[in-house]
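Here's the structure, in structure tokens; my notes come after.
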Amino acid sequence: MQGKASFAAVLAAVMLFLVACSDRSNDSQSKVVLAQWGSEKYLIYLPVYIAQEEGFFKRRGLEVTIDFSGNDDQVFAKVLRGDAQFGVGDPIFTAVSRQQGADGVVLASIVDRVALWGVSKEAVTFTNESDFSGKNIGTFPRPSTTYTLLNDTIGRPTVKDARIVEAPIGNELPLLESGAADIVMMLEPAASIAESEGYFVVASFPKIWGRFAFTGLTSTEQYMSANRDKVSAMIAALQDAVELAHRDRARAVKIAESLFPTLDSSVIESAVNRMLDDETIPRSVALDRESWVASVRVRQRVGDVEEGFDCLECLYEGN
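Everything in the sequence shown is counted per our numbering, starting at 30 for the first residue and increasing by one.
So this is what it looks like as structure tokens:
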């Protein structure tokens, strides 16, 4: 009886020790809020979700809550107010904030090219901007980043007589069916869904535009200076995610399937492979300066950012 009692006592002590260790482990997780563009998950932000689902955030000591926060300006407003420590959206708002006396900073790249693909009823190929001449092109309404980029594209000297047709997100295909547009620009997985329904993906903005800071991880200088460990952990977890996606496509597809269970697996596989092939999912989350300058130049041409603004002051020194 004494042996059994001693064993029970030891077992109880071990269990208490494990529970205590577990509690300390949970306590060691730093809680942060990540404000994301939109009102739901979007496949183009797959690296963020891989980091969450694979435990890369937790492994780096972060407990991350993703807060769907609306438009890009609303995302960054939450970051500036301190309601979120990090933002995922158009990084140009860091430059806009700097002009207004705030301290926005771009920490990393989430989507490193313009993640839009052209869909048409005809199997024609658009390999450069001049191919858009004479076309009616459907896209999201102004003042969206998509509209701004398309408007910049058709404003180039090589493009003649192209016209933008605006439609709310999710209503692009009716433009093709009605004849209002010859081609519509779509995100993934919408482009792959359309392809599965008999339409053709005929244009790749990632290839036409090249490297471009389309979506970034943002914060403020104040938060970054006071929380360098958390900033480094967040960047490292996202780097783990993009490395996994490029190293193990099958695993990336499986994660995407679990996140979007209502979509056909063939659609998910097509969409993920397209994003990897066109490198909208970057191989490194370190923001390329050329990508950032290209993004700022577009906004300078439309007047959102002042000419002569030193855009490099917005970049995290680790880039």
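We put the CB at the ideal spot given by N, CA and C, even for glycine.
For residue i: DSSP bridge partner residues
i: residue 65; result: 97, 117
i: residue 92; result: 60
i: residue 321; result: Paired residues: none, contrary to the question.
i: residue 245; result: 118, 138
i: residue 215; result: 146
i: residue 183; result: DSSP output for residue 183 lists no bridge partner at all.
i: residue 133; result: 249
i: residue 229; result: 149
i: residue 373; result: Since the first residue of the chain shown is 30 and the last is 348, residue 373 is not available in this structure.
i: residue 155; result: 232
Residue of the options minimising C-alpha distance to residue i
i: residue 118; options: 127, 107, 235; result: 107
i: residue 66; options: 83, 98, 78, 87; result: 98
i: residue 314; options: 267, 178, 325, 300; result: 267
i: residue 84; options: 298, 265, 335; result: 265
i: residue 128; options: 345, 346, 339, 344; result: 339
i: residue 75; options: 328, 303, 323; result: 303
i: residue 154; options: 88, 231, 57, 346; result: 231
i: residue 235; options: 270, 141, 182; result: 141
i: residue 186; options: 116, 63, 161, 270; result: 161
i: residue 68; options: 260, 77, 80, 95; result: 95
i: residue 217; options: 146, 167, 250, 205; result: 146
i: residue 163; options: 192, 111, 175, 326; result: 192
i: residue 335; options: 343, 325, 341, 342; result: 325
i: residue 298; options: 281, 312, 311, 318; result: 281
i: residue 181; options: 344, 347, 331, 124; result: 331
i: residue 126; options: 59, 109, 188; result: 109
i: residue 210; options: 151, 105, 222, 249; result: 151
i: residue 170; options: 345, 179, 183, 195; result: 195
i: residue 62; options: 329, 82, 79, 92; result: 92
i: residue 159; options: 190, 72, 112, 279; result: 190
i: residue 246; options: 333, 58, 321, 131; result: 321
i: residue 208; options: 165, 105, 72; result: 165
i: residue 112; options: 80, 64, 274, 323; result: 64
i: residue 28; options: 188, 243, 89; result: There is simply no residue 28 to check, as the chain begins at 30 and stops at 348 in what is shown.
Range covered by the alpha helix (DSSP H) that runs through residue i
i: residue 165; result: Looking at the DSSP string, residue 165 is not in any alpha helix (DSSP H); the run it does join, the beta strand (DSSP E), is 165-168.
i: residue 260; result: 257-276
i: residue 303; result: 294-306
i: residue 219; result: 219-225
i: residue 80; result: 75-82
i: residue 234; result: 234-238
i: residue 195; result: Careful: residue 195 lies outside any alpha helix (DSSP H), inside the beta strand (DSSP E) at 192-195.
i: residue 203; result: 202-207
Segment limits, beta strand (DSSP E) that includes residue i
i: residue 338; result: Premise fails: residue 338 is in no beta strand (DSSP E) and is neither H nor E.
i: residue 149; result: 146-149
9 Å Cβ cutoff, residue i in contact with chain B
i: residue 261; result: You won't find chain B in this structure, because it holds only one protein chain.
Distance between beta carbons of residue j and residue i, contact taken as under 8 Å
i: residue 87; j: residue 288; result: Not really, about 17 Å apart at Cβ, beyond 8 Å.
i: residue 241; j: residue 149; result: No, residue 241 and residue 149 are not in contact; Cβ-Cβ is about 23 Å, not under 8 Å.
i: residue 178; j: residue 134; result: Rounded, the Cβ-Cβ distance is 23 Å, inconsistent with contact.
i: residue 115; j: residue 248; result: 5 Å
i: residue 341; j: residue 318; result: 7 Å
i: residue 136; j: residue 260; result: 6 Å
i: residue 221; j: residue 271; result: So it is not a contact: roughly 20 Å between Cβ atoms.
i: residue 269; j: residue 80; result: 7 Å
For the 8 Å Cβ check, are there 3 or more pairs between the stretch 246-265 and the stretch 199-209? Cβ pair count under 8 Å is below three, so no.
Contact between the stretch 294-311 and the stretch 233-252: three or more CB pairs below 8 Å? Taking a contact to require three or more Cβ pairs closer than 8 Å, the stretch 294-311 and the stretch 233-252 qualify as touching.
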